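Quick mapping for you: the protein sequence lines, in order, are chains C and E.
Under this note's numbering, the first residue of the first sequence carries the number 27, and numbering increases by one thereafter.
Under this note's numbering, the first residue of the second sequence carries the number 2, and numbering increases by one thereafter.
Structure record follows, encoded as structure tokens.
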Amino acid sequence: MTGPGALLVVAPVLVPLLTSLLALLLAGRPRLQARVSLAGAVVLSAAALALLAGAVTGEVARVTFGGWPAPFGIEFAIDRLGAALIAITAVLGLATLLFLSSDADVGPAHPFLHPLLHGLLAGVGGSFATADLFNLYVWFEIMLVCSVGLLALGGRPAQLDAALKYLVLNLFGTILLLASVTLLYAVTGHLNFAALARTAPAASPALMTPLLAALVLALLVKAGAFPLFAWLPASYHTLPAPVLALFAGLLTKVGVYAVLRVVGDVFARPAVPLHEALGWLAAATMLVGVLGAAYHWDLRRILAFHIVSQIGYILLGVALATPAGNAATVFYTIHHIVVKANLFLIGAIVCRLAGSYDLRRIGGLYRARPGLAVLFLLPALSLVGIPPLSGFWAKLLVLREAINAGRVTWTVVALAVSLLTLYSMLKVWVEAFWKPHPDPGWQPAAGARLAPAYLVTAALAAITLAISLAPQALVAYSLEAARALGGGR
Amino acid sequence: MIWALALAVGIGAAAGVYLSLSRDLLRCVVGLSILGSAVNLLVFAAGRLSTTAPPIVLPGAAELGRAANPLPQALVLTAIVIGFALTCLSLVLVVRLVQVAKTDDADAVRFAEPPPIDPVKPPIETPGQAVAAGTPGAALGSRGAR
Chain C
27 MTGPGALLVV APVLVPLLTS LLALLLAGRP RLQARVSLAG AVVLSAAALA
77 LLAGAVTGEV ARVTFGGWPA PFGIEFAIDR LGAALIAITA VLGLATLLFL
127 SSDADVGPAH PFLHPLLHGL LAGVGGSFAT ADLFNLYVWF EIMLVCSVGL
177 LALGGRPAQL DAALKYLVLN LFGTILLLAS VTLLYAVTGH LNFAALARTA
227 PAASPALMTP LLAALVLALL VKAGAFPLFA WLPASYHTLP APVLALFAGL
277 LTKVGVYAVL RVVGDVFARP AVPLHEALGW LAAATMLVGV LGAAYHWDLR
327 RILAFHIVSQ IGYILLGVAL ATPAGNAATV FYTIHHIVVK ANLFLIGAIV
377 CRLAGSYDLR RIGGLYRARP GLAVLFLLPA LSLVGIPPLS GFWAKLLVLR
427 EAINAGRVTW TVVALAVSLL TLYSMLKVWV EAFWKPHPDP GWQPAAGARL
477 APAYLVTAAL AAITLAISLA PQALVAYSLE AARALGGGR
Chain E
2 MIWALALAVG IGAAAGVYLS LSRDLLRCVV GLSILGSAVN LLVFAAGRLS
52 TTAPPIVLPG AAELGRAANP LPQALVLTAI VIGFALTCLS LVLVVRLVQV
102 AKTDDADAVR FAEPPPIDPV KPPIETPGQA VAAGTPGAAL GSRGAR
């Protein structure tokens, strides 16, 4: 593909990179920088919607670079799966930037904030767009550098501590990723996804299985799966809220997407021990994540552990090794990105009004802001999976397929974890909203600039509500996206 | 040649993993850097070695023959650049963190995750004050005074 079509395929990377560069040049002029940054996010969203409109028809938008034809040059290929995730990435980028204009725990303004945010979006967009294993590694590294920069930007001791732990554990993951990608190249002679899918079955299974296991292990570090998730709860809660929402929504999901792409698409094959191991890891991830959340009383730390727990459900869909399981993963990922980012953003409003993230220090918000209490309940109950919210449909898809596959233990664990999630979410709601504030003379913070924050959270809640009330469109899209994986290439 | 390289990769990976498991922050980062270098050698080795033949497919031949594949050599350049940048970034972070914490023991750096003081509930953060009593701030003060 050449001309404007090719430009559109590169847009998920090109637009954030150009915006990042422009924002860097405008580092001395904060107001203009914020406007340029927002304009970049709007252009990215428009391009993402155009890509989505093209992908709905089932056509894979492809472009190769440097004049080298497909199996040799680096290729971008955006199918239904990639297009949907790029669209949700752009929406979340826009939400983050809009939220930054409120004063709900947005952190101190820093000239490098916008360049790094767009760098992160470029890394995420590139990961979703690329059809080349080594290129995927490069985008992971770009995401890593930008996210460490965002973590360390505030310069508080807690942030430096968090940034180093995040960097060390993720660096180990990317080194393992590089090693496994290289060895896969040495065995198959290809890096392009389509070419790998063609040549991999011919390679000896004794060689491929350990290499694939190493590759998936490296991606699971990124996804925050058990037992490799320690970097996530150690670092996320030190971030300012909008950046935290972006991290929570996107970063682990890129890891999950890569697992789905590798296990369910490029090296797709009928259930093998790798799937079995992935399933048990998914069950452990769910359980450990939700138990970690039960211990904590800081709203951000509770929600950070819930990211880990939900990753388990998403991985369970991949572990089932069927198109319906993969479709459940796609649906779950899209639902989860919106819900999780929204919970962190609403948490920031709670902190701004009540003065703290710690549930032992806040309360009485239901009396003061009943609308906010309902707004929080919507994504919270969706995360739990209460019908008819989007989380219910997502869990229904995963668990129905797990039961069809005869995986009783995994199903039971998933249902038990749902109950614990309900406990955790109700704890947050009761403590932050229902119980009276520990300080009897407390009044909600006056003069808070929350209009953009309410706008963004209400818009994200509207997306959740739309998925909840009309899930069939997204279910059908996910099924088509999953059917195109594996054999469809 | 390939055996010498395999030995180098093995020793490098072992040394890197050993160092990166250290509680000393600087050793940890240096260990990751060595591990990264070992993997870079692995990338280099993935494209065949011990030949000086130019990587040109001869007329009539379908394959490259005995020449080394230049693609992994191009990949390793990318990996070296990325690894160098990340090593620099992590060194800056470590130096800054050691300055702030006045210690290089990873176990003692608990700013982000204060150790629990109560057996069942996590420590509570005092608003307006970055670190409360009983959290590493207090320990930090005593360590600074030591």
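Backbone N, C-alpha and C define an ideal beta-carbon position, used for all residues, glycine too.
Given the structure is predicted, the values throughout are model-derived calculations rather than measurements.
For the beta strand (DSSP E) holding residue i, just list the boundary residues, first then last.
{"i": "T483 (chain C)", "result": "Note, T483 (chain C): premise wrong, no beta strand (DSSP E); alpha helix (DSSP H) at A477 to L495."}
{"i": "I412 (chain C)", "result": "Taken as a continuous stretch (DSSP letters only), I412 (chain C) belongs to no beta strand (DSSP E), as it is neither H nor E."}
Is it true that the CB of residue j sits closer than 8 Å to the CB of residue i?
{"i": "A113 (chain E)", "j": "S261 (chain C)", "result": "yes"}
{"i": "A130 (chain C)", "j": "I375 (chain C)", "result": "yes"}
{"i": "A212 (chain C)", "j": "A47 (chain E)", "result": "yes"}
{"i": "A330 (chain C)", "j": "P259 (chain C)", "result": "yes"}
{"i": "L34 (chain C)", "j": "A110 (chain C)", "result": "no"}
{"i": "R33 (chain E)", "j": "G13 (chain E)", "result": "Looking at the sequence shown, residue 33 (chain E) is not Arg but Leu. The answer is no: Cβ separation not under 8 Å."}
{"i": "E427 (chain C)", "j": "G351 (chain C)", "result": "yes"}
{"i": "L300 (chain C)", "j": "V289 (chain C)", "result": "yes"}
{"i": "A406 (chain C)", "j": "V439 (chain C)", "result": "no"}
{"i": "N218 (chain C)", "j": "D158 (chain C)", "result": "yes"}
{"i": "M312 (chain C)", "j": "Y339 (chain C)", "result": "yes"}
{"i": "V285 (chain C)", "j": "A240 (chain C)", "result": "no"}
{"i": "L371 (chain C)", "j": "T483 (chain C)", "result": "yes"}
{"i": "L341 (chain C)", "j": "L98 (chain E)", "result": "no"}
{"i": "S71 (chain C)", "j": "H144 (chain C)", "result": "no"}
{"i": "V82 (chain C)", "j": "F102 (chain C)", "result": "no"}
{"i": "A345 (chain C)", "j": "S128 (chain C)", "result": "no"}
{"i": "L146 (chain C)", "j": "C172 (chain C)", "result": "yes"}
{"i": "G84 (chain C)", "j": "F138 (chain C)", "result": "no"}
{"i": "G84 (chain E)", "j": "G37 (chain E)", "result": "yes"}
{"i": "P266 (chain C)", "j": "V117 (chain C)", "result": "no"}
Would you tell me roughly how many angstroms separate the C-alpha atoms of residue i and residue j, rounded to the nearest one?
{"i": "Q336 (chain C)", "j": "P117 (chain E)", "result": "26 Å"}
{"i": "L123 (chain C)", "j": "V364 (chain C)", "result": "15 Å"}
{"i": "L179 (chain C)", "j": "W460 (chain C)", "result": "35 Å"}
{"i": "R509 (chain C)", "j": "G54 (chain C)", "result": "49 Å"}
{"i": "P414 (chain C)", "j": "H362 (chain C)", "result": "15 Å"}
{"i": "L77 (chain C)", "j": "I104 (chain C)", "result": "8 Å"}
{"i": "L43 (chain C)", "j": "R182 (chain C)", "result": "28 Å"}
{"i": "T156 (chain C)", "j": "P71 (chain E)", "result": "22 Å"}
{"i": "L325 (chain C)", "j": "A96 (chain C)", "result": "47 Å"}
{"i": "W94 (chain C)", "j": "P38 (chain C)", "result": "21 Å"}
{"i": "L505 (chain C)", "j": "Y358 (chain C)", "result": "12 Å"}
{"i": "A65 (chain C)", "j": "V10 (chain E)", "result": "47 Å"}
{"i": "F198 (chain C)", "j": "L50 (chain C)", "result": "29 Å"}
{"i": "A353 (chain C)", "j": "F293 (chain C)", "result": "17 Å"}
{"i": "A15 (chain E)", "j": "D106 (chain E)", "result": "22 Å"}
{"i": "L254 (chain C)", "j": "V247 (chain C)", "result": "5 Å"}
{"i": "V77 (chain E)", "j": "S408 (chain C)", "result": "45 Å"}
{"i": "D465 (chain C)", "j": "L486 (chain C)", "result": "32 Å"}
Which word fits residue i, buried or exposed, when buried means at least 16 other C-beta atoms lie within 10 angstroms of its C-beta?
{"i": "K103 (chain E)", "result": "exposed"}
{"i": "Y192 (chain C)", "result": "buried"}
{"i": "K122 (chain E)", "result": "exposed"}
{"i": "F91 (chain C)", "result": "exposed"}
{"i": "V410 (chain C)", "result": "buried"}
{"i": "A131 (chain E)", "result": "Unreliable placement is indicated for A131 (chain E), whose pLDDT of 42 sits below 50; the coordinate value is still reported in the next sentence. A131 (chain E) comes out exposed."}
{"i": "A73 (chain C)", "result": "buried"}
{"i": "T53 (chain E)", "result": "exposed"}
{"i": "C29 (chain E)", "result": "buried"}
{"i": "M169 (chain C)", "result": "buried"}
{"i": "V501 (chain C)", "result": "buried"}
{"i": "A5 (chain C)", "result": "Past the edges of chain C, shown from 27 to 515, lies residue 5 (chain C), and the structure says nothing about it."}
{"i": "S91 (chain E)", "result": "buried"}
{"i": "A271 (chain C)", "result": "buried"}
Which residue marks the beginning of the alpha helix (DSSP H) containing residue i, and which one marks its end?
{"i": "F255 (chain C)", "result": "Looking at the DSSP string, F255 (chain C) is not in any alpha helix (DSSP H), and its letter there is neither H nor E."}
{"i": "I83 (chain E)", "result": "P71 to A102"}
{"i": "E101 (chain C)", "result": "No alpha helix (DSSP H) holds E101 (chain C); the beta strand (DSSP E) holding it covers E101 to I104."}
{"i": "T156 (chain C)", "result": "Unbroken run through T156 (chain C): none, as it is neither H nor E."}
{"i": "V280 (chain C)", "result": "A267 to V285"}
{"i": "R88 (chain C)", "result": "R88 (chain C) -> not in any alpha helix (DSSP H); beta strand (DSSP E) instead, spanning A87 to T90."}
{"i": "M234 (chain C)", "result": "P231 to A249"}
{"i": "F134 (chain C)", "result": "Per the sequence shown, the amino acid found at residue 134 (chain C) is Pro instead of Phe. No alpha helix (DSSP H) holds P134 (chain C); DSSP gives it neither H nor E."}
{"i": "N41 (chain E)", "result": "L26 to A46"}
{"i": "D187 (chain C)", "result": "P183 to T214"}
{"i": "I3 (chain E)", "result": "I3 to S21"}
Within the region 390-470 of chain C, note down every full alpha helix (DSSP H) run reaching 4 residues or more, in order along the chain.
391-394, 396-410, 416-430 and 434-455
What residue ranges within the region 290-357 of chain C form continuous beta strand (DSSP E) runs of no fewer than 3 residues, ordered along the chain?
none
Curious, which full-length alpha helix (DSSP H) runs of at least 4 residues does the region 46-101 of chain C contain?
56-82
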